[in-house]
Structures are given as structure tokens and as C-alpha cells.
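Student: First the structure, then my questions, so here it is.
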Amino acid sequence: MTVSLDRLRRCHFAVDLGAARTRVYVKGAGLVVDQPSAAAINTRTGALIAVGEFAEKMTGRTPAYIRVVRPVSGGTVVDIEMAQRMLRHLLGEKLRRALRRKPRLRAAACTPHDADPLAQRATIETLVGLGARRVELVDTLVAAAVGCGLPVERPEASMIMVCGAAATQIAVLSLGSIVTADRIPVGGEAVDHAIVQHLRHQHELMLPSQSVRPLQIALSGNGLTPHGPTSTEIHGRDVATGLARSVLVDTAAVRNAIQTPLTAVLDGIGKVLRDCPPDLVADLADRGIMMVGGSALLPGLDQMLRQATGMPVSIAERPDVCAIQGLGAMLEGRIEPLLLERVAG
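So for the sequence shown, this note's numbering puts the first residue at 374; every next one is plus one.
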């Protein structure tokens, strides 16, 4: 990681293109963009109508000729041109002009663990379209571990779980590198989908596209544990009649519906631990798992993992911005590489 740290210190800005939110960190200015990865376009003219929060609010509420698109899926750019247009609008003219004045503009970006070359190329091309002459790619797991303050540069184990919208990434790090890792295609969106399907099948109720998160919050701070409320009232549309209807939902049944996608996450944790050297696993028995990412805030998820693994589980102070804050720390030179003295032969 020493060489990449040297290169990262020369970068002028960093981008975390997530499936749920896009974040931009500018060297010397800090986090300047934290908006949903959404854009609304007029399909008749191709004009960009809105980006970020406003475009997110338009989801499911637009006339036929306005379409809300998401140019990023699973941490991978799927529409390079739209991602560039979205980033330009999110940055604004003043900030873009300031960046263009930098000689040989350099950028850094997060990429999911084990991202294929095409996905990496799409991220690079997106930032090159913004004027970057060189783009450095950093594994999201490393950036998030740095951002939440884990001692990744030391010769001891740190375990991190990045709970994203489309995927969950789990890794054990030591000496600034990933020792073993796994990426499970289950994230916050899979949990949302499980809740939507449960309500559709059991209560014949369709939820508005933006009301799944409030439903998770309604499960209270105990969320996935049995100590939460026994029921909660949900508003939606009747599948048969199309009319508005409210139902009283049994939260225990919702918890059971959520358990199915989360089982894959537990399997991923087990796989990473099985592939990890025994000495590092011994470190983790005391240190436990650090959870980051927006979906880490799912009520009760940390308690469920604690019970299932028997390990300490903690949530980062600001789990949703750990990856971009880690990139920012590397850009600002706040991370000192571990220097190993060469032993004379």
C-alpha cells in the first residue's frame, strides 16, 4: 500500500460512486457532494431535469416522458455518459472550474472488491470525462477500513463488513492489505425486496417505492430482535382494487422475511473466517467485526450478527461515509505507511 499512498497524495479529488449515493471529496475542501445516485431525464428531448435528492423524490411520481435512471448499479457504472452528466451537475460549475485549473488533474475512486476489468474501466472513463488525466483505483474495503479508523497498517487483524445497497463486502486486513475477502450480492436492496414481497403475498399490499426504509425504521431500535413492537401500521395500495389501504403488519413475520437474504451474509462471514490464517482469527476474537455502509444502520442487524457469530460487532460512527472519508484521509496524507526496515543479508 506504500506505493499507492504516494500516488494518492498527488490526487486532487476522490469519488465514491455507490448504487445508493454518490460522494465526492475535494482535497483541502472535504466532502462536497453526498447525494443519491439518481438522475431524471426527459425522454423526448434527452434533457437532464434533476439529479440527486430531487431526482430521488421524483421516483414513481413522474409523467410517462420523464424517467428516473440510476447510472450506477452494485458499485459499478452501467451508463458512463449519464454518470458523467450526473457528476457534472452534482459538482456544479464553480467547483468544476476550480478543478479544471489544476495542472494534470488526478482523481481517486472506490471500486468494489474483485471488480472485473470492465467495471474498473467504466469508473476510469467516467472520471476521465470530467477532466481527470489520471485515475487511481482503491478497493472499497481498504478505503472504508481507513475511514472508520481501523489500524490497517499494523501487523494485526482487522475485520470489516461494508453493507452496501446492492452487495455486502467482507474482509480481513493486515499490514495494509486484504488477507481474505468475499463479496456477497446481497445488500440493503435485497432486504427491501424481501419486505415488499412479503407484504404483497401476505397482505396483498403494494408499497410506494420510497416507503420501505420507513418500514425498517418502524421496526424500532430492536429491529431484527424479538424485543421490538409486535405490530406496525403500513400504508400502501391494494393489489386487487388499486385503492389506498392500511394494514397492521406483524413485525415478527417481517423479521422472518428479512432473515432469508441475511443468511447469505452470515455464510460469507463464515467463509472469510475459514480462509483466514489462525493467528489472525485469534486477533478477531477480541476485536470483532466493524460494520460500515448505509445498510449497517438496519435496526438490530449488529445484534443478529453478534448472536450468530459470537464475536463483538460494532458500527462505525458515520458508517455511510467511511469509504469516501478514508479516500480523503489518503489524499490529505493523514495515513502513514508502515516502513519495514530491510535486514542485511
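All C-beta atoms, glycine included, are put in the ideal place defined by N, C-alpha and C.
How about residue 513 and residue 496: do their beta carbons lie closer than 8 Å?
Tutor: Along the sequence shown, one-based indexing puts residue 513 at 140. Along the sequence shown, one-based indexing puts residue 496 at 123. No, they are not a contact pair.
Student: Going by CA-CA distance only, name the one from 387, 470, 628 that's closest to residue 671.
Tutor: Position 298 of the sequence shown, counting from 1, holds the residue named residue 671. Per the Cα distances, 628.
Student: Let me confirm a value: residue 619 is counted as buried when at least 16 other C-beta atoms fall within 10 Å, else exposed. Which label applies?
Tutor: Start at 1 with the first residue of the sequence shown, and residue 619 comes out as number 246. Exposed: under 16 other Cβ atoms inside 10 Å.
Student: Can you tell me where the beta strand (DSSP E) with residue 409 in it begins and where it stops?
Tutor: Stepping through the sequence shown from its first residue, residue 409 is reached at position 36. Its beta strand (DSSP E) spans residues 403-409.
Student: Locate the beta strand (DSSP E) running through residue 499, then write down its first and last residues.
Tutor: In the sequence shown, counting from the first residue as 1, residue 499 sits at position 126. Note, residue 499: premise wrong, no beta strand (DSSP E); alpha helix (DSSP H) at 490-501.
Student: Where residue 680 and residue 663 are concerned, what is the direct C-alpha to C-alpha distance, given to the nearest angstrom?
Tutor: For the purposes of this step, residue 680 is taken as the residue at position 307 of the sequence shown. For the purposes of this step, residue 663 is taken as the residue at position 290 of the sequence shown. Roughly 15 Å separates the two Cα atoms.
Student: Tell me the residue span of the alpha helix (DSSP H) that contains residue 633.
Tutor: As a working note, residue 633 is residue 260 in the sequence shown. Looking at the DSSP string, the run of the alpha helix (DSSP H) that includes residue 633 is 624-648.
Student: How far does the beta strand (DSSP E) with residue 421 in it reach, from first residue to last?
Tutor: As a first step, residue 421 is located in the sequence shown; it is residue number 48 there, counting from the start. 421-424 is the span of the beta strand (DSSP E), which, as asked, contains residue 421.
Student: Evaluate residue 565 with the Cβ neighbour count: other Cβ atoms within 10 Å of its Cβ, from every protein chain shown; 16 or more gives buried, anything less gives exposed.
Tutor: Here residue 565 corresponds to residue number 192 of the sequence shown, with the count starting at 1. When all chains shown are included, residue 565 counts as buried.
Student: Between the C-alpha atoms of residue 692 and residue 468, what's the straight-line distance to the nearest angstrom?
Tutor: On the sequence shown, residue 692 is found 319 positions in, with the first residue counted as 1. On the sequence shown, residue 468 is found 95 positions in, with the first residue counted as 1. Answer to the nearest angstrom: the Cα atoms are 26 Å apart.
Student: By how many angstroms is the C-alpha of residue 562 removed from the C-alpha of residue 530?
Tutor: Looking up residue 530 in the sequence shown gives position 157. Looking up residue 562 in the sequence shown gives position 189. Those two C-alpha atoms are separated by around 30 Å.
Student: Roughly how many angstroms separate the alpha carbons of residue 697 and residue 706, rounded to a whole number?
Tutor: Locating residue 697 in the sequence shown gives position 324, where the first residue counts as 1. Locating residue 706 in the sequence shown gives position 333, where the first residue counts as 1. Going by the C-alpha atoms only, they are around 14 Å apart.
Student: Sort out for me which residues DSSP pairs residue 536 with in a bridge.
Tutor: For the purposes of this step, residue 536 is taken as the residue at position 163 of the sequence shown. Residue 536 pairs with 541.
Student: CB residue 521 to CB residue 695, shorter than 8 Å?
Tutor: Looking up residue 521 in the sequence shown gives position 148. Looking up residue 695 in the sequence shown gives position 322. For residue 521 and residue 695, yes; Cβs fall inside 8 Å.
Student: In the DSSP output, what is residue 384 paired with across the bridge?
Tutor: Start at 1 with the first residue of the sequence shown, and residue 384 comes out as number 11. According to DSSP, which records beta bridges pairwise, residue 384 is partnered with nothing at all.
Student: Would you say residue 539 and residue 630 are within 8 Å of each other, going by their C-beta atoms?
Tutor: Here residue 539 refers to the residue found at position 166 of the sequence shown. Here residue 630 refers to the residue found at position 257 of the sequence shown. Their beta carbons are not under 8 Å apart, which means residue 539 does not touch residue 630 by this criterion.
Student: Going by beta-carbon coordinates alone, are residue 515 and residue 543 separated by less than 8 Å?
Tutor: Position 142 of the sequence shown, counted from the start, is the residue given in the question as residue 515. Position 170 of the sequence shown, counted from the start, is the residue given in the question as residue 543. Cβ atoms of residue 515 and residue 543: not closer than 8 Å.
Student: Given a threshold of 16 other Cβ atoms within 10 Å of its Cβ, counted over all protein chains shown, does residue 418 qualify as buried or as exposed?
Tutor: Numbered from 1 along the sequence shown, position 45 holds the residue referred to as residue 418. Label assigned to residue 418: exposed.
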